[in-house]
Ligand code: FNR
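Numbering (UniProt numbering), first residue to last: 3 to 184.
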């Protein structure tokens with residue numbers, strides 16, 4: 003059966019290295035897995051007052067996430083936390099609380115950073131929020147890609163060594179999305 007993965011990229015910039023790794027991961031998916039990006043750049047800042055109203059952009063991302071079998075988050079770290087734009091969509095999709103899209107949702111996260119620490123704080127932030135929201139997180143393998151600019155060729159493609167490294171993440175993600183009891 004076809005499976006759908008909603009992809010959230012935590013960086014808004016055009017030349018994002020996280021976008022490049024996400025594109026590589028999407029390209030490695032088997033034919034029966036569709037990857038659809040959830041665009042977060044233009045979402046108004048979450049405001050609880052909006053819970054009683056309808057905001058088209060909020061409804062759109064909530065529906066996209068709701069319809070997905072799993073959500074893949076590929077994100078940088080901003081000042082030792084997850085980027086604000088990523089936190090914003092997590093909050094938007096968590097409300098109204100009884101309709102939270104995260105409850106029992108399968109979620110996987112990877113981070114990439116030019117630094118030695120790989121953006122791990124951002125990845126652990128996502129785990130923290132998802133635990134609170136009762137999502138089903140993929141626990142292994144953890145991918146917090148350090149010195150990530152060294153994993154990209156001049157044309158923006160992923161180096162062969164890092165492709166091999168990411169293969170296990172791709173394989174485990176597909177198994178996770180297909181599993182019944184993750
Ligand atoms: C960063 N960067 C960064 N890197 C890191 O490993 N830990 C951090 O806390 C931060 N903090 C931070 C704050 C802000 C505001 C910016 C703009 C950047 C560097 C960051 O990892 C680098 O710019 C990446 O290239 C961002 O990812 P994208 O946009 O290329 O996907």
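Every residue, glycine too, gets a C-beta built ideally from N, C-alpha and C.
Does the beta-carbon distance from residue 10 to residue 103 come in below 8 Å? What you label residue 10 is simply residue 8 of the chain shown in a count that begins at 1. What you label residue 103 is simply residue 101 of the chain shown in a count that begins at 1. Not a contact, by the Cβ cut-off of 8 Å.
Quick one: Cα of residue 184 to Cα of residue 76, how far? Locating residue 184 in the chain shown gives position 182, where the first residue counts as 1. Locating residue 76 in the chain shown gives position 74, where the first residue counts as 1. With a pLDDT of 45 at residue 184, under the threshold of 50, the modelled position of that residue is not reliable, and no figure is offered here.
In chain order, what residues of the same chain lie with their CB nearer than 8 Å to the CB of residue 129, ignoring the 5 residues before and after it? One-based indexing of the chain shown puts residue 129 at position 127. The answer, listed in chain order, is 111, 139.
Tell me whether residue 180 counts as near the ligand FNR, meaning its Cβ is closer than 7 Å to at least one heavy atom of that ligand. Counted from its first residue, the chain shown places residue 180 at position 178. Answer for residue 180: no, Cβ out of range of the ligand FNR.
Best match in 46, 26, 20 for proximity to residue 92 [C-alpha to C-alpha]: If you number the chain shown from 1, residue 92 lands on position 90. The alpha carbon of residue 92 has as its nearest neighbour, out of 46, 26, 20, the alpha carbon of 46.
What first and last residue would you give for the alpha helix (DSSP H) that runs through residue 140? Here residue 140 corresponds to residue number 138 of the chain shown, with the count starting at 1. Careful: residue 140 lies outside any alpha helix (DSSP H) and carries neither H nor E.
Endpoints, the alpha helix (DSSP H) within which residue 134 is located: To locate residue 134, count along the chain shown from 1; it is residue 132. First-last of the alpha helix (DSSP H) with residue 134: 122-134.
Among residues of its own chain, excluding the 5 on either side of residue 24, which ones have a beta-carbon nearer than 7 Å to its beta-carbon? On the chain shown, position 22 is the one that residue 24 refers to. The beta carbon of residue 24 lies closer than 7 Å to those of 9, 11, 76 in the same chain, with the five residues before and after it left out.
Might you give, ordered along the chain, the residues of its own chain that have their beta carbon closer than 8 Å to the beta carbon of residue 160, omitting 5 neighbours on each side? The residue given as residue 160 occupies position 158 in the chain shown. Around residue 160: 22, 23, 26, 153, 154, 168.
Note down the Cα distance separating residue 151 from residue 98, rounded to an integer number of angstroms. Residue mapping note: residue 151 aligns to position 149 of the chain shown, counting from 1. Residue mapping note: residue 98 aligns to position 96 of the chain shown, counting from 1. So the two alpha carbons sit approximately 39 Å from each other.
Is any heavy atom in the ligand FNR found nearer than 7 Å to the beta carbon of residue 2? Not covered by the structure: residue 2. The range shown for the chain is 3 to 184.
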